[in-house]
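Chemist: 7 is the number of the first residue of the sequence shown in this note's numbering; add one for each residue after it. This is the structure I want to talk about, given as structure tokens.
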Amino acid sequence: MTDCLEVINTRSSIRKYTDQPVPEDVCRCLVEAGLKAPTAANKQEIHITVVGKDNPVQAEIQQDLNPNAEVNFYYDAPLTFYLSADENFKWSGVDAGIAVENMHLAAKALGLGSVILGCMERVLNGEKKAEYAKKLGFPEGYQYFVAISVGYADTEKQPHPINFERDVTVL
Ligand SMILES: Cc1cc2nc3c(=O)[nH]c(=O)nc-3n(C[C@H](O)[C@H](O)[C@H](O)COP(=O)(O)O)c2cc1C
């Protein structure tokens, strides 16, 4: 088992992937990492939709987001996981954030790279919200909160530096 702090201290967002597919058991492990995250009042309201890079919904989202972009929003990663949750529960956004970070760290621990994605928010929660919710298999009353693309890294990236003095207050 990889040490948790080592994973936290060495992770970074990966935006370039090899073509190597993610095995099914690894995919399952990532989904379970998301579902094992804590949720407010143990509501367990997070739903995860697993989408392969060649699924037409990826191209449709890209088209609505930015048809002229040089790089697509999922960086050609083999898998993208969409996290949706109850749109009327006040902690859904926080819970989705915790779940997606669990998946980001689990990916690193399993030897994969990943990047958390928020940029599709205006498309997935915009005028085609209901259409996308159906296409992505969200449960009734659920909306998109965040996503994560995952694959084998084709690049190396150093962790970002932190500024303890600026960002911490000790009373
Ligand atoms: C809520 C959230 C949304 C993000 N959305 C995107 C995104 O849409 N596209 C992207 O390339 N990176 C996205 N990122 C990754 C951040 O850009 C990245 O974490 C930040 O630049 C720091 O880099 P690091 O993760 O390598 O330390 C997102 C991160 C978070 C936490």
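Glycine is no exception: its CB is placed at the ideal position from the N, C-alpha and C atoms.
Measure from the alpha carbon of M109 to the alpha carbon of each residue in Y80, V57 and E38, then state which is nearest.
Modeler: For the residues Y80, V57 and E38, the minimum Cα distance to M109 belongs to E38.
Chemist: Along the chain, where does the alpha helix (DSSP H) containing Y138 start, and where does it finish?
Modeler: Here the alpha helix (DSSP H) through Y138 covers K135 to K141.
Chemist: Within 10 angstroms of its Cβ, does E51 collect 16 or more other Cβ (buried), or is it exposed?
Modeler: With 16 or more other Cβ atoms within 10 Å, it is buried.
Chemist: In chain order, which alpha helix (DSSP H) runs of at least 4 residues are fully inside the region 55 to 93?
Modeler: List check, alpha helix (DSSP H) in window: 62 to 71.
Chemist: Helix, strand or coil: which one does DSSP assign to G157?
Modeler: Strand, per DSSP.
Chemist: Quick check on K96: buried or exposed, where buried means 16 or more other Cβ atoms within 10 Å of its Cβ?
Modeler: Result: exposed.
Chemist: Please tell me whether, using a cut-off of 7 Å, the distance from the CB of G124 to the nearest non-hydrogen atom of ligand 1 is below it.
Modeler: Yes, ligand 1 has a heavy atom inside 7 Å of this Cβ.
Chemist: Taking the C-alpha atoms as reference points, what is the distance between L142 and D25?
Modeler: About 23 Å.
Chemist: Where DSSP assigns a beta bridge to S19, which residues make up the other side?
Modeler: DSSP output for S19 lists no bridge partner at all.
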